[in-house]
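Position 49 (the sequence shown) corresponds to 223 in this note's numbering; numbering is contiguous.
We put the beta carbon where it would ideally sit given N, CA and C, even for glycine.
These figures come from a predicted structure and were not determined experimentally.
A short worksheet on the structure shown next.
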Amino acid sequence: MYTIMWYNTSLSPFLLTGFPGLEAVHHWISIPFFVVYFSVILGNGTLLFLIKDDHSLHEPMYYFLAMLAATDLLVTLTTMPTVLGVLWLNYREIHLEVCFSQAYFIHSLSIVESGVLLAMAYDRFIAICNPLRYRSILTNSRVAKIGIGALLRGFILVAPPIIPLHWFPYCHSHVLSHAFCLHQDVIKLACADITFNRIYPMVLVSFTFFLDSLIILFSYILILKTVMSIASGEERTKALNTCISHICCVLVFYVTVIGLSLIHRFGKHAPHVVHITMSYVYFLFPPFMNPIIYSVKTKQIRNGILRRFCLPRLRP
């Protein structure tokens with residue numbers, strides 16, 4: 175009997191879910207999703223192109239920004255196929271191996287993004303608190319090592335709870351709660367001891383998102399202390415302006431993280447559509463907003479965009 179159950183549940187695909195009760199208007203719902211996905215790809219792709227093409231942007235601050243844009247782009251490309259597949263084609267089936275891989279990349283890239291935001295805070299801390307040694311501390315090789323460290327941290331730390339998913343029997347309903355795969359969604363369907371898979375993610379979140387946010391907060395306290403010691407008001411304003419874009423991106427990322435966590439923890443009686451909407455906000459809002467924030471708030475990026483896309487048209 176157990177052998178038959180293992181066979182059936184191992185080969186049966188999971189079923190993704192769009193917006194329950196709104197299936198008739200999924201094609202209309204897909205329009206804003208497509209617009210946001212396209213905007214994310216266009217915005218982050220433009221940032222990557224500008225930073226690669228413009229030698230004036232070959233500085234540590236913009237290298238970290240390129241890492242952030244690349245991470246946002248990968249998150250979008252990871253979730254977009256299944257979401258649009260459900261909304262456009264009502265294609266809900268997803269094979270287990272594909273589902274586990276998608277969950278792995280989604281969670282890994284979230285931790286990578288937190289690490290990149292932490293690295294960007296370190297960059298601003300060195301630039302303002304120790305400007306004379308900025309170039310000697312943040313060399314290209316050190317920036318590369320920090321980027322690789324953030325990448326490895328995300329992809330290594332997420333592996334332990336994802337690997338057991340391949341061997342769990344799934345004898346409950348195979349219907350997932352979203353149009354993409356999340357670890358916490360998959361383990362609800364497992365008929366096995368999932369104690370480790372419940373405890374490890376809580377510890378992981380505490381030692382990544384929570385710790386990263388505390389370090390970022392502490393670094394900005396030190397930055398503010400240094401800025402307040404500057405005699406010239408103009409210099410203080412100039413120093414703070416270099417941090418505004420990063421602060422906005424940090425707030426966008428961690429506010430959505432906290433909002434999603436609060437909904438999952440305290441919103442058990444909230445309508446299911448609220449949970450679904452918050453999950454999409456978490457995965458789409460930061461990648462959508464980050465290019466806009468840096469394009470509006472960072473003069474070098476704004477000028478680069480104007481040079482590439484406006485000035486050639488003005489030539490006779």
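Checklist entry - Among C345, A277, Y265 and Y236, which residue has its Cα nearest to the Cα of C365? => result Residue numbering aside, residue 365 sits at position 191 when the sequence shown is read from its first letter. Residue C345 is the option with its Cα nearest to C365.
Next on the checklist: Check whether the stretch 414 to 429 and the stretch 462 to 469 touch, using three or more Cβ-Cβ pairs below 8 Å as the test.
Outcome noted: Verdict: yes, contact present.
Item to check | Alpha-carbon spacing of V471 relative to R298, whole angstroms | outcome: Here residue 471 corresponds to residue number 297 of the sequence shown, with the count starting at 1. Here residue 298 corresponds to residue number 124 of the sequence shown, with the count starting at 1. Here the sequence assigns Lys to residue 471, which means Val is not the residue at that position. Rounded to whole angstroms, K471 to R298 spans 15 Å at the Cα level.
Checklist entry - By how many angstroms is the C-alpha of L388 removed from the C-alpha of S380? => result Reading the sequence shown from its first residue, position 206 is the one you call residue 380. Reading the sequence shown from its first residue, position 214 is the one you call residue 388. Between S380 and L388, the alpha-carbon positions lie close to 11 Å from each other.
Checklist entry - If you run the structure through DSSP and keep just helix, strand and coil, what is I337? => result Translated into positions along the sequence shown, residue 337 becomes position 163. I337: helix per DSSP, three-state reduction.
Checklist entry - Do G289 and A333 have their C-beta atoms within less than 7 Å of each other? => result Residue mapping note: residue 289 aligns to position 115 of the sequence shown, counting from 1. Residue mapping note: residue 333 aligns to position 159 of the sequence shown, counting from 1. It is not a contact, given that the beta carbons lie outside the stated cut-off.
Next on the checklist: With DSSP as the reference, identify every bridge partner of I268, one or two as the case may be.
Outcome noted: Position 94 of the sequence shown holds residue 268. F188, per the DSSP bridge assignment.
Checklist entry - Going by DSSP, which residues form a beta bridge with V349? => result In the sequence shown, residue 349 corresponds to position 175, counting from 1. In the DSSP output, where bridge partners are listed per residue, V349 has L189.
Checklist entry - Near E287, which residues of its chain fall below 6 Å by C-beta distance, leaving aside the five closest residues on each side in sequence? => result Within the sequence shown, numbered from 1, the residue matching residue 287 stands at position 113. Cβ contact annotation for E287 (same chain, cutoff 6 Å, sequence separation greater than five): T245, in chain order.
Next on the checklist: Between which residues of its own chain and L221 is the CB-CB distance below 6 Å, once the five residues before and five after are set aside?
Outcome noted: Counting from 1 along the sequence shown, the entry for residue 221 is found at position 47. A243 and P465, listed in sequence order.
Item to check | Reference M463; option with closest CA among T430, N304 and G478 | outcome: Within the sequence shown, numbered from 1, the residue matching residue 463 stands at position 289. From the listed residues T430, N304 and G478, the smallest Cα separation to M463 is found for T430.
Checklist entry - Tell me which same chain residues have a C-beta within less than 8 Å of the C-beta of L291, skipping the five on either side of it? => result Here residue 291 refers to the residue found at position 117 when the sequence shown is read from its first residue. These residues qualify, in order along the chain: L242, D386, I390, H420, C423, V424 and F427.
Item to check | Rounded C-alpha distance that separates Y374 from I203 | outcome: Counting from 1 along the sequence shown, the entry for residue 374 is found at position 200. Counting from 1 along the sequence shown, the entry for residue 203 is found at position 29. Their backbone Cα atoms lie some 35 Å apart in a straight line.
Checklist entry - Are three or more beta carbon pairs between the stretch 209 to 218 and the stretch 445 to 463 nearer than 8 Å? => result Yes, the stretch 209 to 218 touches the stretch 445 to 463.
Checklist entry - If we call anything under 7 Å between Cβ atoms a contact, is S351 one with T451? => result Mapped onto the sequence shown, residue 351 falls at position 177. Mapped onto the sequence shown, residue 451 falls at position 277. Contact flag unset, no.
Checklist entry - Does DSSP classify Y176 as helix, strand or coil? => result The residue you call residue 176 lines up with position 2 of the sequence shown. In this predicted model, Y176 has a pLDDT of only 35, less than 50, meaning its place in the structure is not dependable enough to derive any value.
Item to check | Three-way DSSP call (helix, strand, coil) for S387 in this model | outcome: Position 213 of the sequence shown holds residue 387. In this structure, S387 counts as helix in the three-state DSSP scheme.
Checklist entry - So, is E267 buried or exposed, given that buried needs 16 or more other C-beta atoms within 10 angstroms? => result Counting from one through the sequence shown, the residue named residue 267 turns up at place 93. Label assigned to E267: exposed.
Next on the checklist: Only counting the same chain, and skipping five residues up and downstream in sequence, which positions put a Cβ closer than 8 Å to that of R476?
Outcome noted: Along the sequence shown, read from residue 1 onward, the residue named residue 476 stands at position 302. Excluding sequence neighbours, R476 sits near S469 and V470.
Next on the checklist: Closest to D367 by C-alpha separation, out of N415, L339 and H438, would be which residue?
Outcome noted: For the purposes of this step, residue 367 is taken as residue 193 along the sequence shown, with counting starting at 1. Of the candidates N415, L339 and H438, the one whose C-alpha sits nearest the C-alpha of D367 is L339.
Checklist entry - Are F354 and T253 closer than 7 Å when you measure CB to CB? => result Locating residue 354 in the sequence shown gives position 180, counting from the first residue. Locating residue 253 in the sequence shown gives position 79, counting from the first residue. Contact: yes.
Checklist entry - Helix, strand or coil for A318 per DSSP? => result The residue labelled residue 318 in the question sits at position 144 within the sequence shown. In the structure shown, the three-state DSSP call for A318 is helix.
Checklist entry - Which one of L356, I330 and M402 has the shortest CA to CA distance from S453? => result Residue mapping note: residue 453 aligns to position 279 of the sequence shown, counting from 1. Among L356, I330 and M402, the Cα nearest to that of S453 belongs to L356.
Next on the checklist: Using 8 Å for Cβ pairs, my map puts L331 next to I285. What's the rounded Cβ distance?
Outcome noted: Residue 331 sits at position 157 when you count from the first residue of the sequence shown. Residue 285 sits at position 111 when you count from the first residue of the sequence shown. Beta-carbon to beta-carbon, L331 and I285 are separated by about 6 Å, close enough to satisfy the 8 Å threshold.
Checklist entry - If you drop the 5 nearest sequence neighbours on each side, which residues of the same chain put their C-beta closer than 7 Å to that of Y211? => result Counted from its first residue, the sequence shown places residue 211 at position 37. Result list for Y211: T250 and M254, in chain order.
Checklist entry - How about S282 and F329: are their beta carbons less than 7 Å apart? => result Position 108 of the sequence shown, counted from the start, is the residue given in the question as residue 282. Position 155 of the sequence shown, counted from the start, is the residue given in the question as residue 329. Cβ distance < 7 Å, so S282 and F329 count as in contact.
Checklist entry - Expressed to the nearest angstrom, what Euclidean distance is found between the alpha-carbon atoms of H269 and L363? => result Your numbering for residue 269 matches position 95 in the sequence shown. Your numbering for residue 363 matches position 189 in the sequence shown. So the two alpha carbons sit approximately 14 Å from each other.
Item to check | Buried/exposed call for M376, threshold 16 Cβ in 10 Å | outcome: By one-based count along the sequence shown, residue 376 stands at place 202. By the 10 Å Cβ count, M376 comes out exposed.
Checklist entry - Residues in its own chain within less than 6 Å of F279 by CB, not counting five upstream and five downstream? => result As a working mapping, residue 279 is identified with position 105 in the sequence shown. Taken in chain order, the residues that qualify are T252.
Item to check | Distance CB(I320)-CB(A295) smaller than 7 Å | outcome: Walking along the sequence shown from the start, residue 320 turns up at place 146. Walking along the sequence shown from the start, residue 295 turns up at place 121. No; because the gap between Cβ atoms is not below 7 Å, this pair is not in contact.
Item to check | Member of K473, L247 and F223 whose CA lies at the smallest distance from the CA of F457 | outcome: Along the sequence shown, read from residue 1 onward, the residue named residue 457 stands at position 283. The option with the nearest alpha carbon to F457 is L247.
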